[in-house]
Amino acid sequence: MAVPGRVVKLCGNTAVVNIMNNTCEVNISLVTPKVGDYVLVHAGCVLEVLKKDAAEELMWLFEELKEAADGTPSTRDK
Amino acid sequence: MGPLQRVINELGGYSGEPIKIMEVCGTHTASIFKNGIRSMISPKISLISGPGCPVCVTPASYTDRLVEYALKEGHCVLTFGDMMKVTGSGLSLTEAKAHGGRAVMLYSPLAAIKMASGEPDTQFVFAAVGFETTAPVYALLIEEIIKNDIKNLKLLTSIKKIIPAVEYICENEAGIDAFLCPGHASVITGCGVYRQLADKYRKPFVVGGFDGEHILSALYEIVSQLQSGRFEMKNMYPSVVSEDGNTKAALLINKYFETSDDYWRGIGKIKASGLRLRQPYAGYDAGSAFSCNEERLPQGCRCADVILGRISPADCGLFKTVCTPFAAVGPCMVSAEGACGIWYKNSI
Ligand code: SF4
Chain A
159 MAVPGRVVKL
169 CGNTAVVNIM
179 NNTCEVNISL
189 VTPKVGDYVL
199 VHAGCVLEVL
209 KKDAAEELMW
219 LFEELKEAAD
229 GTPSTRDK
Chain B
189 MGPLQRVINE
199 LGGYSGEPIK
209 IMEVCGTHTA
219 SIFKNGIRSM
229 ISPKISLISG
239 PGCPVCVTPA
249 SYTDRLVEYA
259 LKEGHCVLTF
269 GDMMKVTGSG
279 LSLTEAKAHG
289 GRAVMLYSPL
299 AAIKMASGEP
309 DTQFVFAAVG
319 FETTAPVYAL
329 LIEEIIKNDI
339 KNLKLLTSIK
349 KIIPAVEYIC
359 ENEAGIDAFL
369 CPGHASVITG
379 CGVYRQLADK
389 YRKPFVVGGF
399 DGEHILSALY
409 EIVSQLQSGR
419 FEMKNMYPSV
429 VSEDGNTKAA
439 LLINKYFETS
449 DDYWRGIGKI
459 KASGLRLRQP
469 YAGYDAGSAF
479 SCNEERLPQG
489 CRCADVILGR
499 ISPADCGLFK
509 TVCTPFAAVG
519 PCMVSAEGAC
529 GIWYKNSI
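Which chain is which? The protein sequence lines are A and B, in order. 159 is the number of the first residue of the first sequence in the numbering used here; add one for each residue after it. 189 is the number of the first residue of the second sequence in the numbering used here; add one for each residue after it.
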């Protein structure tokens, strides 16, 4: 299972990540996150840097669905 | 009315042809229960679990081999928690410990480096089980073993690729109308790979996240596609899943592992569905090739039917009577990602 967290500190190929208010040291060899980035953590490694935060993503999703249902193109840049 | 409510109303009021959607990944199954999704959607839309629980599809002979290592003098098995309780044809690792064996749970494979360096006289064997999500972490582990010149740590691999399994289901199982594709494995593989499947099998393949809203919107997308006769790949989890996935991770996997045919517990051999260490790194393998030639399940256990979406856990005659998480008969009841365990926890 992978969980989201936020990068607190970088140190070589590891980062300190806040995951649900617990801080963990994780490997960042697979990505290049910055402090403050939201990341997806699995088995002690960051698998990906999140491109949008959860709220932004859900807004996007519902806009997509509105477009599909109404047949009205969204004004938002995809 | 807000868009979420509108989606719920649409899914709840659906009255068309019955629809069967497979959620490939166990984390989706858990989230569907946690968010009460089934109670929000029409009974004409059935959600069935798929093969996305790594422990459930790991052959019994693999577990037997781990147990052998755990019981062997001077050896120690390192593993994620879920593998501790699953049985092969005999003991589980937990039971092996009770018989004097050695098995240690780790949160990350990379922690194995520290353990092996600290105990040079012990031969450590890491139980490398999982899908594409975990494969790059095993590749990093091999890299660290080489870099740190660790001589006493090997991997016993049972690493599976989810796409060939989904393709196997499309080829062999009738009646599945669409797939809710796994969000986390897709982080590595990318969502583009599902486009070919959507075209080939003429079914919607929608990649979804794990919040209730994510799942509802993915289901809405699937139902909309089916109603309008479309069959497309759609990425509904773009915050982490891209078209091509994490290419750095994919390159690293490819550096150390090659694709091979592999055995899935309860199913049998699926072509090109496994990852094995490449020949130059065979010295870091603890004999994985010897532990994959059968797929026994305990008598009466219907895990294979559950994994292939033929039945729901509740349709198994042993569910909740003989088989519970406290006395699990099959692997699907043991793992946190196993459909039977998830159904059990949410039905008591
Ligand atoms: S309920 Fe138990 S015995 Fe039945 S399929 Fe699930 S794991 Fe196997």
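From the three backbone atoms N, C-alpha and C, an ideal C-beta is built for every residue, glycine too.
| said: I want to check one thing, is the minimum distance from the CB of residue 490/B to the heavy atoms of the ligand SF4 below 7 Å? | reply: yes
| Contained alpha helix (DSSP H) runs [length at least 4] in the region 334-417 of chain B, N- to C-terminal order | 350-360, 371-377, 381-389, 400-415
| CA nearest to the CA of residue 468/B, picked from 331/B, 215/B, 401/B | 331/B
| field | Contact set for residue 176/A: own chain, Cβ-Cβ below 7 Å, skip 5 residues either direction | value | 163, 164, 166
| message | In this structure, how does DSSP classify residue 255/B when only helix, strand and coil are distinguished? | response | helix
| field | Spatial distance of residue 529/B from residue 388/B (CA atoms) | value | 33 Å
| query | Quick one: what does DSSP say residue 221/B is sitting in, helix, strand or coil? | reply | helix
| field | Cβ distance (whole Å) where residue 193/A is taken to contact residue 168/A below 8 Å | value | 6 Å
| query | Can you tell me where the beta strand (DSSP E) with residue 521/B in it begins and where it stops? | reply | Here residue 521/B belongs to no beta strand (DSSP E); instead the alpha helix (DSSP H) covers 519-522.
| said: Measuring only from the beta carbon, is residue 373/B closer than 7 Å to any heavy atom that is part of the ligand SAM? | reply: As for the ligand SAM, it is missing from this structure, which binds only the ligand SF4.
| task | Can you grab the Cα-Cα spacing for the pair residue 294/B / residue 200/B, in whole Å? | result | 43 Å
| query | Using a beta-carbon distance below 8 Å, is residue 299/B in contact with chain A? | reply | yes
| message | Against residue 169/A, what residues of chain C qualify as contacts under a CB-to-CB distance less than 8 Å, listed in chain order? | response | In the structure shown, chain C does not exist; the protein chains are A and B.
| message | Is there a Cβ of chain B sitting closer than 8 Å to that of residue 173/A, yes or no? | response | no
| Residue environment, residue 334/B, which counts as buried when at least 16 other CB atoms sit within 10 Å | exposed
| request: Output the boundary residues of the beta strand (DSSP E) element that contains residue 451/B. | output: 445-452
| Where does residue 271/B sit, in a helix, a strand or coil, going by DSSP? | helix
| request: Give me the Cβ distance between residue 447/B and residue 373/B, rounded to the nearest whole Å; I'm assuming they're in contact under 8 Å. | output: Not a contact, Cβ separation roughly 15 Å.
| message | I'd like to know whether the C-beta atoms of residue 338/B and residue 301/B end up nearer to each other than 8 Å. | response | yes
| query | Hey, quick one: how far does the alpha helix (DSSP H) through residue 205/A stretch, first residue to last? | reply | Run containing residue 205/A: none in the alpha helix (DSSP H); it sits in the beta strand (DSSP E), 203-207.
| Cα-Cα separation, residue 186/A to residue 488/B | 45 Å
| Status (buried if at least 16 other CB within 10 Å, exposed otherwise) for residue 522/B | buried
| Pair within 8 Å by beta-carbon distance, residue 280/B and residue 248/B | no
| request: Using beta-carbon positions only, say whether residue 396/B and residue 368/B come within less than 8 Å of one another. | output: yes
| In three-state terms, what does DSSP make of residue 303/B? | helix
| field | For residue 401/B and residue 424/B, the rounded distance between their alpha carbons | value | 11 Å
| request: Mind listing the chain B neighbours of residue 180/A? Cutoff is C-beta to C-beta under 9 Å, in chain order. | output: Near residue 180/A there are no residues of chain B at all, since even the closest Cβ is about 12 Å away, more than 9 Å.
| task | Could you tell me whether the region 453-469 of chain B touches the region 425-444 of chain B, using the rule of 3 or more Cβ pairs below 8 Å? | result | yes
| query | Do you know whose CA, among 385/B, 209/B, 308/B, 453/B, lies nearest residue 232/B's CA? | reply | 209/B
| message | If you reduce the DSSP assignment to three classes, tell me which class residue 172/A lands in. | response | strand
| request: Check whether the Cβ of residue 271/B lies closer than 7 Å to any heavy atom of the ligand SF4, and answer yes or no. | output: no
| task | Please classify residue 423/B: does DSSP put it in a helix, a strand, or coil? | result | strand
| request: Confirm the yes/no value for this check: CB of residue 518/B, any heavy atom of the ligand SF4, distance under 7 Å. | output: yes
| request: Please say whether residue 462/B and residue 473/B have beta carbons closer to each other than 8 Å? | output: no
| query | Is the CB of residue 209/A under 8 Å away from at least one CB in chain B? | reply | yes
| task | Establish whether the CB of residue 185/A and some CB of chain B are separated by less than 8 Å. | result | yes
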